[in-house]
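K.L.:
Residue numbers (the numbering used here): 64 to 264.
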């Protein structure tokens, strides 16, 4: 089976993303995790991890996860992320897989973080159902972007190509999907510079 169009696109972007100066993004994420977000727990799934920006965030947290599974459909993104080196006191695994069919047993994770990836899933409700399946009791899911959904959607439209139609719904819409699946939505907020949903299983 050949690579999907999205997989090809992100494979081609990996070296560009790796070279980007993302210090401002990391600073904003560290601030969010330290002030506004609950701890994702000891065993965390980083969905659509790209080149692993959240690893740079975790290493600056007071209570970093014990295990982080970096998951992406793009092999090249995962390879670029591995060059970051180990995290102190955190075991990191890299898994190439499709988020619509997570290769993990039920109730495996204490937390799932989906940063800057949700628009790229073709069946977003099915992905949320997978999140529910692999989260343990009282597990948390966080869906996070550093901009409002309208800005994210405009950006994808301007990039064009395979991501042209990749859509981030409003937090109210995604929040309703989560509740229909069985999650309790703890926070659903968006404004200029932030899109955040936190939900509890």
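We treat Cβ as the ideally placed atom computed from N, Cα and C, and that holds for glycine. As the structure is a prediction and not an experimental result, all values here were calculated from the model.
Roughly how far, in whole angstroms, is the beta-carbon of residue 246 from the beta-carbon of residue 204, given that I think they are within contact range, below 8 Å?
P.N.:
7 Å
K.L.:
Please classify residue 187 as buried or exposed, where buried requires at least 16 other C-beta atoms within 10 Å of its C-beta.
P.N.:
Buried is the call here.
K.L.:
Around the Cβ of residue 94, are there at least 16 other Cβ atoms within 10 angstroms (buried) or fewer (exposed)?
P.N.:
Looking at its Cβ environment, which holds fewer than 16 other Cβ atoms inside 10 Å, residue 94 is exposed.
K.L.:
Applying the criterion that 16 or more other CB atoms from any shown protein chain within 10 Å of the CB defines a buried residue, is residue 229 buried or exposed?
P.N.:
buried
K.L.:
Report all residues from its chain with a CB closer than 8 Å to the CB of residue 211; omit the five preceding and five following residues, and keep chain order.
P.N.:
253, 254, 255, 256, 257 and 258
K.L.:
Any chance the segment 120-137 sits against the segment 235-242, with 3 or more Cβ pairs inside 8 Å?
P.N.:
Contact between the segment 120-137 and the segment 235-242 is not established, with fewer than three Cβ pairs separated by less than 8 Å.
K.L.:
Below 8 Å on the Cβ atoms is my guess for residue 59 versus residue 150; work out the distance and round it to an integer in Å.
P.N.:
No statement about residue 59 is possible, as the shown extent of the chain runs from 64 to 264 and does not include it.
K.L.:
Can you name the start and end residues of the alpha helix (DSSP H) that residue 221 belongs to?
P.N.:
212-222
K.L.:
What's the gap between the Cα of residue 119 and the Cα of residue 244?
P.N.:
Our two residues, residue 119 and residue 244, have alpha carbons roughly 32 Å apart in a direct line.
K.L.:
Would you please state the rounded distance, in angstroms, between the beta carbons of residue 231 and residue 200? I believe it to be under 8 Å.
P.N.:
Not quite, the Cβ-Cβ distance comes to about 29 Å (not below 8 Å), so this is no contact.
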